[in-house]
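Have a look at the structure below before the remarks.
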Amino acid sequence: MRVYWLIALFSLMMVARAQSLEDAQGLFTVGKYLEASKMSAALGSSAGLTFAAYTLGVHAGDQPKDQQEGLFAQCEQYARKALELNKSNADAHAQLGVALGRLGGLRGAAYALLNGVVAQVKGSFERALELNPRQVIALIGLGRLHAELVSRGMGAMFGADGALVKPLFERAVQADPKGIGVRLEYARALTVLDATANRAQIRKLLESASDLTPRDALERKQLKSVERLLAKLP
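Here it is as structure tokens:
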């Protein structure tokens, strides 16, 4: 009898855990990013900590620059803890890449160069894609990284290739065909690479993004960015 009782208790605990993560996702959907991060981090699971890193990162992006470093440092900690619990968590590798990249940008070029930030970011995204070739955030992140490095004349130094940008983003679009953010970031990457040569494709991406229906508060914000960029196109 005791064994059955323990099994039942364990089952109830698993259901409660799943509901808690769903609750955090619900908070994210309506734009309560900080609350969603705290709730998912409290789960203590690899998946919960990964979602905590993601949601806190979205929150951090909306904050003043002088407040962002500490928040992205916490994102890094969440992602690393998630990987300690499950080193094969592709989403956690992607979130680590995002956090390291944002921290490198905030701390400056000298810090990034001395600490090998580009290699770490690139490695995190590549590892995520080894584990899950359809990991959208890693596809976007790696595509943007290649575009940024090539545009700054640093491609050879860090093994970046402008020819990889479009294939990476095409994979991201295929993985998330209804994602507004995917098309927005694709357009931004092409703008960084060569806004003039890619003008027609940039417009097409933004127009297709503007036709999509936002699935959450983040995509509603991204849609506004899409509309602003469209209005600026010649």
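Residue 956 is where the sequence shown starts when you use my numbering, and the numbers rise one by one after that. We put the beta carbon where it would ideally sit given N, CA and C, even for glycine. Values in this document were obtained by computation on a predicted structure and should not be read as measured data.
Taking 6 Å as the limit between beta carbons, can you name the residues of its chain near residue i, skipping five residues before and five after?
| i | result |
| --- | --- |
| residue 986 | 1172 |
| residue 1170 | none |
| residue 1102 | 1120, 1144, 1147, 1148 |
| residue 1010 | 983, 988, 991, 992 |
| residue 1128 | 1137 |
| residue 1015 | 1023, 1026, 1027 |
Inspect the beta-carbon positions of residue i and residue j and report whether they are closer than 9 Å.
| i | j | result |
| --- | --- | --- |
| residue 1084 | residue 1133 | no |
| residue 1160 | residue 1139 | yes |
| residue 1038 | residue 1001 | yes |
| residue 1073 | residue 1096 | no |
| residue 1054 | residue 1080 | no |
| residue 1092 | residue 1142 | no |
| residue 1124 | residue 1108 | no |
| residue 1003 | residue 1030 | no |
| residue 1105 | residue 1135 | no |
| residue 1024 | residue 1069 | no |
If I follow the unbroken alpha helix (DSSP H) through residue i, where does it start and stop?
| i | result |
| --- | --- |
| residue 1005 | 1001–1016 |
| residue 1021 | 1020–1040 |
| residue 1142 | 1135–1149 |
| residue 1043 | Looking at the DSSP string, residue 1043 is not in any alpha helix (DSSP H), and its letter there is neither H nor E. |
| residue 1069 | 1064–1069 |
| residue 1111 | 1110–1113 |
| residue 1158 | 1154–1165 |
| residue 1170 | Where residue 1170 is concerned, there is no enclosing alpha helix (DSSP H), given that its DSSP letter is neither H nor E. |
Ignore the nearest five residues each way along the sequence and tell me which others in residue i's own chain have a CB closer than 7 Å to its CB.
| i | result |
| --- | --- |
| residue 1126 | 1094 |
| residue 975 | 994, 998 |
| residue 990 | 982 |
| residue 1063 | none |
| residue 1090 | 1045, 1046, 1049, 1083, 1084 |
Where does residue i fall in DSSP's three states?
| i | result |
| --- | --- |
| residue 985 | coil |
| residue 1052 | helix |
| residue 1090 | coil |
| residue 994 | helix |
| residue 979 | helix |
| residue 967 | Low local confidence applies: a pLDDT of 40 at residue 967 is under 50, so the model's placement there is unreliable, and no value is given. |
| residue 1119 | helix |
| residue 1075 | helix |
| residue 1058 | helix |
What residues in its chain sit with their C-beta under 8 Å from that of residue i, if we drop five residues either side in the sequence?
| i | result |
| --- | --- |
| residue 1185 | 1158, 1161, 1162, 1165 |
| residue 1043 | 1086 |
| residue 1114 | 1077 |
Flag residue i as yes when its Cβ comes closer than 8 Å to any non-hydrogen atom of the ligand GTP, and as no otherwise.
| i | result |
| --- | --- |
| residue 1003 | Within the structure as shown, the ligand GTP is missing, as the structure has no ligands at all. |
Against chain B, does residue i count as a neighbour if the rule is that its beta carbon must be under 9 Å from one of theirs?
| i | result |
| --- | --- |
| residue 1040 | Looking at the structure shown, chain B is missing, and only one protein chain is on hand. |
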